[in-house]
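**Q** Chains A and B, in that order, are what the protein sequence lines are.
Residue 0 is where the first sequence starts when you use numbering that gives the first Met the number 0, and the numbers rise one by one after that.
Residue 0 is where the second sequence starts when you use numbering that gives the first Met the number 0, and the numbers rise one by one after that.
All residues carry an ideal CB built from backbone N, CA and C; glycine is no exception.
Values in this document were obtained by computation on a predicted structure and should not be read as measured data.
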Amino acid sequence: MVVINLSHHNYQVLLQNLARQLKVKPQNNSIIIPSEIGEGLIKVIQLPNGLQALMIKIFFHQDVQIKQGNINEDDYVLNFDESEMADKKKISSVKVINSFVRLTGSSFRHWEIMKKKSSVQYLKILFSQEWLSGYIGLGEKISLFENYIPIKSQSGEKEKLNEDYRQVINEMWNTDNKEFLQNIFYQNRVLLLIEQFFTRMHAALLNPKGKFKLTTEDVEILKKVEIKLNTFTATPPNIELLAKKYSMGKAKLSQAFKQVYGISIYNYYQKQRMQRAHELLSAQNLSVKEAAKKLGYTNMSNFILAFKKQFNTEPKNLVV
Amino acid sequence: MLRIDYYQTDYAKVLQTFADVMKAKVKDDTLAIPQEIATGYFKTITLSNGLQCLVSDYTLNTELYLQRNSSNDEFYILRFDEVSISDTLMVKIDDDYIWETKQDRASVLLNSSLSDFATSASEGTAIRSINILLTREWLTQYLNIESLDDILKKYLLLKTRSYNFAPFDIEYRTWFNEVMEDTDSAMKNSIVENRIMLMMEKFLNSLYQHFHQLSEADIIKIPNDEVKRLMEVESYLVKDFSIPPPPLTFLSRVAAMSTTTLKNKFKKLYGINVYEYFQKSRMQKAKALLLSRKYSIKEIGSQLGYSNLSNFATAFKKEFNRLPSQLVLHK
Numbered sequence: 000m001v002v003i004n005l006s007h008h009n010y011q012v013l014l015q016n017l018a019r020q021l022k023v024k025p026q027n028n029s030i031i032i033p034s035e036i037g038e039g040l041i042k043v044i045q046l047p048n049g050l051q052a053l054m055i056k057i058f059f060h061q062d063v064q065i066k067q068g069n070i071n072e073d074d075y076v077l078n079f080d081e082s083e084m085a086d087k088k089k090i091s092s093v094k095v096i097n098s099f100v101r102l103t104g105s106s107f108r109h110w111e112i113m114k115k116k117s118s119v120q121y122l123k124i125l126f127s128q129e130w131l132s133g134y135i136g137l138g139e140k141i142s143l144f145e146n147y148i149p150i151k152s153q154s155g156e157k158e159k160l161n162e163d164y165r166q167v168i169n170e171m172w173n174t175d176n177k178e179f180l181q182n183i184f185y186q187n188r189v190l191l192l193i194e195q196f197f198t199r200m201h202a203a204l205l206n207p208k209g210k211f212k213l214t215t216e217d218v219e220i221l222k223k224v225e226i227k228l229n230t231f232t233a234t235p236p237n238i239e240l241l242a243k244k245y246s247m248g249k250a251k252l253s254q255a256f257k258q259v260y261g262i263s264i265y266n267y268y269q270k271q272r273m274q275r276a277h278e279l280l281s282a283q284n285l286s287v288k289e290a291a292k293k294l295g296y297t298n299m300s301n302f303i304l305a306f307k308k309q310f311n312t313e314p315k316n317l318v319v
Numbered sequence: 000m001l002r003i004d005y006y007q008t009d010y011a012k013v014l015q016t017f018a019d020v021m022k023a024k025v026k027d028d029t030l031a032i033p034q035e036i037a038t039g040y041f042k043t044i045t046l047s048n049g050l051q052c053l054v055s056d057y058t059l060n061t062e063l064y065l066q067r068n069s070s071n072d073e074f075y076i077l078r079f080d081e082v083s084i085s086d087t088l089m090v091k092i093d094d095d096y097i098w099e100t101k102q103d104r105a106s107v108l109l110n111s112s113l114s115d116f117a118t119s120a121s122e123g124t125a126i127r128s129i130n131i132l133l134t135r136e137w138l139t140q141y142l143n144i145e146s147l148d149d150i151l152k153k154y155l156l157l158k159t160r161s162y163n164f165a166p167f168d169i170e171y172r173t174w175f176n177e178v179m180e181d182t183d184s185a186m187k188n189s190i191v192e193n194r195i196m197l198m199m200e201k202f203l204n205s206l207y208q209h210f211h212q213l214s215e216a217d218i219i220k221i222p223n224d225e226v227k228r229l230m231e232v233e234s235y236l237v238k239d240f241s242i243p244p245p246p247l248t249f250l251s252r253v254a255a256m257s258t259t260t261l262k263n264k265f266k267k268l269y270g271i272n273v274y275e276y277f278q279k280s281r282m283q284k285a286k287a288l289l290l291s292r293k294y295s296i297k298e299i300g301s302q303l304g305y306s307n308l309s310n311f312a313t314a315f316k317k318e319f320n321r322l323p324s325q326l327v328l329h330k
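1) Show which residues of chain A have a CB atom less than 8 Å away from the CB atom of residue 196 (chain B).
2) Excluding five sequence neighbours on each side, which residues of the same chain lie with their C-beta closer than 6 Å to the C-beta of residue 186 (chain A)?
3) Could you please give the first and the last residue of the uninterrupted beta strand (DSSP E) stretch that includes residue 64 (chain B)?
4) Using a Cβ-Cβ cutoff of 9 Å, what residues of the segment 257-285 of chain B are near chain A? List them in chain order.
5) Does DSSP classify residue 74 (chain A) as helix, strand or coil?
6) Pick helix, strand or coil for residue 204 (chain A), following the three-state DSSP scheme.
7) For residue 242 (chain A), which residues from the same chain have a beta carbon less than 6 Å from its beta carbon, with the 5 sequence-adjacent residues on both sides left out?
8) With 8 Å as the threshold, decide whether the Cβ of residue 48 (chain A) is near any Cβ in chain B.
9) Please tell me whether residue 395 (chain A) and residue 53 (chain A) are closer than 8 Å, where the distance is taken between their beta carbons.
10) When the Cα of residue 259 (chain A) is compared with those of A:276, A:191, A:157, A:302, which residue comes out closest?
11) Counting only runs that start and end within the segment 227-255 of chain A, where is the alpha helix (DSSP H) found for 4 or more residues in a row?
12) For residue 320 (chain A), decide whether its Cβ has a neighbour in chain B, counting only Cβ atoms nearer than 8 Å.
13) Specify the secondary structure class of residue 15 (chain A) as computed by DSSP and reduced to three states.
14) Cutting at 7 Å between CB atoms, please list the residues of its own chain near residue 215 (chain B), excluding the five before and the five after it.
15) Output, in sequence order along the chain, the residues in the segment 305-325 of chain B whose CB is closer than 8 Å to any CB in chain A.
16) What's the C-alpha gap between residue 254 (chain A) and residue 301 (chain A)?
17) Looking at the structure shown, is residue 314 (chain A) part of a helix, part of a strand, or coil, going by DSSP?
18) Based on DSSP bridge pairs, tell me the residues matched to residue 165 (chain B).
19) For residue 316 (chain B), which residues in the same chain have their Cβ closer than 6 Å to its Cβ, ignoring the five residues on either side in sequence?
20) The beta strand (DSSP E) that contains residue 128 (chain B), what's its start and end?
21) Is residue 313 (chain B) buried or exposed, if buried means 16 or more other CB atoms sit within 10 Å of its CB?
22) Please classify residue 292 (chain B) as buried or exposed, where buried requires at least 16 other C-beta atoms within 10 Å of its C-beta.
23) With 16 as the cutoff for other CB atoms within 10 Å, does residue 304 (chain A) come out buried or exposed?
24) So residue 104 (chain B) and residue 306 (chain B) are supposed to be a Cβ contact under 8 Å. How far apart are they, rounded?
25) Pull out every residue of the segment 36-52 of chain B whose Cβ sits closer than 8 Å to any Cβ of chain A, in chain order.
26) Is residue 120 (chain B) closer than 8 Å to residue 129 (chain B) when the C-beta atoms are compared?
27) With distances taken Cα to Cα, identify the nearest neighbour of residue 275 (chain A) among A:286, A:231, A:264, A:296.
28) Give the residues of chain A in contact with residue 186 (chain B), contact being defined as C-beta atoms less than 8 Å apart.
29) Among the residues of its own chain, which have a CB less than 8 Å from the CB of residue 78 (chain B), if the five just before and after it don't count?
30) If you run the structure through DSSP and keep just helix, strand and coil, what is residue 90 (chain A)?
31) Is the shortest distance between the beta-carbon of residue 162 (chain A) and the beta-carbons of chain B less than 8 Å?
32) Could you tell me which chain A residues have their CB closer than 9 Å to the CB of residue 294 (chain B), listed as they occur along the chain?
33) Do residue 51 (chain B) and residue 117 (chain B) have their beta-carbon atoms positioned less than 8 Å apart in this structure?
34) I'd like to know if residue 171 (chain B) contacts chain A, where contact means its C-beta is closer than 8 Å to some C-beta of that chain.
35) Using a Cβ-Cβ cutoff of less than 6 Å, which residues in the same chain neighbour residue 32 (chain A) once the five nearest sequence positions on both sides are dropped?
36) With DSSP as the reference, label residue 100 (chain A) as helix, strand or coil.
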């Protein structure tokens, strides 16, 4: 299977690597996908202050595995995803359509198998923590906001794309701008998307949906809990023990966690568990049975179901 | 009367010159104008891509004469001005003068450092302005200067002959207001930066369209004095949304043309008809107020002249495809 690896801390280099892999020549910072793989293009936009954006639009003619993640410690990626997954198992016309934006940090890993006739449409914006600090560096409640951003980026929480985002992204894909304005045009759109994202995130922080007004100390505790969840264990987390350990009420802990990370403690654990499963199967060549056992599953069909839920494919498809 | 002469190669220096003449101090890139001269400020903003801007918002307490002397360094200044003239405003480019009396206007003007540029405004005049300094180095770095140079030159030739101030439309006005608005938002800097860039992009793009894609015949041919009067009509339309828009009969008096001519020429200049313009601007205002999160939907509705909230919601949805409540709620 063709693997398209989008994990990189420099999109210019990534483009060169992909061009070599796909045996095509980059032109004007973009490459056209060879037709045996699919139809579409990958384009890199270089912005001032070291910001980079990657635009990808491909309709696949064969199954392709896409890898995302693995960036520098101090970098972030803002991902806009409008992909359509063709699912062979279901009736042919059924498609799973993505429409979300999420901020991810260096701990984020994602593998995905895009079936033939699926299409991906990504816009990824790569920037450093340093740039971000300068960007949001003025204004109120910064320390809380600055704490909040790394947390959000670890949870991989998805925010639905609204009309404002969509309009800007569509403009970027459908530009007929003359050469001389091209740079400014892309630059302005990318910065608008960043502005919209952080404006909404900031508003959400100041007016949380949940019932807890969080203090900086609360956020610190949640961060510790989250780090703990990242060190994998085969047994699911016990909320009561966690609450005791970090001196926070059980109800507050589980609700505040969900409020900040967008998903419950258990689901968070489960997601990590499945990413781990993926790694065991694809990178370490374990059998499905061995992997399930390692992850604390006694019932194989539960494991298969959970895996399918996250990756849209059965674990056995990953075993080489 | 206060007169200031300056050269414009660096806005920090310009601001310092202003401060010296006014016997005031620059603090945090801002010059608070002494009360006997004006109520308001000048400030410089440097965008992260290196562009320098001079932003000002003041009401004059004396007559102010600003004279920018020509320089041999060639660069361009793109200015967005919203003025409410108490008595007279004089604009002088090289040896050409233009006089305006007792009117409001909001306009875009590009000029070159190769010419002298002066303005003189009467006591009581209110001015809000964003000036962007476009150096040749910057233009070369971010734009394909060969093709742009040609266009800018053509435009400037046109300008010095006719002072063809391009009017603000809804987009310019929305962005302009977002820059001038005094908020404590954590995102303030990036909003200011992004709006200034969008205004510049829009201007350069429209220049390009005018001089490259359209033929001579397509270029809107409305005499300058008419453009000026239509700009005044436009400023009446956006002045106060809490009351119904002024009737066409009134506007046609302002424009000094028949209602039919007014309707046609307004549409030609702004692209939409007079009351569509009013409504679109009203909804943009609604959106800005909603996003400020300072007022309830009900308060905004009544500020914008809607006594019936569901009418407001329907009108809003028509414009933005979303209800006001959907904009406010964070989902």
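**A** Reading it off the structure:
1) 183, 186, 187, 190
2) 46
3) 63-67
4) none
5) strand
6) helix
7) 249, 252
8) yes
9) Given that chain A is displayed from residue 0 to residue 319, the structure contains no residue 395 (chain A) and the question cannot be resolved.
10) A:157
11) 238-244
12) This structure leaves residue 320 (chain A) out entirely; chain A is present only between 0 and 319.
13) helix
14) Residue confidence is low: residue 215 (chain B) scores 45 on pLDDT, short of 50, so the model does not pin down where it sits. No coordinate-derived value is stated.
15) 319, 320, 321
16) 26 Å
17) helix
18) B:107
19) 322
20) 125-134
21) exposed
22) exposed
23) exposed
24) That belief does not hold up - the Cβ atoms of residue 104 (chain B) and residue 306 (chain B) are roughly 32 Å apart, past 8 Å.
25) 47, 48, 49
26) no
27) A:231
28) 135, 138, 194, 197, 198, 201
29) 107, 108, 109, 110, 128, 129, 130, 131
30) Only weak support exists for where residue 90 (chain A) lies, its pLDDT of 48 falling under 50; the value from the coordinates is given anyway. Residue 90 (chain A) falls in the coil class under three-state DSSP.
31) yes
32) Chain A residues near residue 294 (chain B): none, gap ~15 Å exceeds 9 Å.
33) no
34) no
35) 39, 57
36) strand
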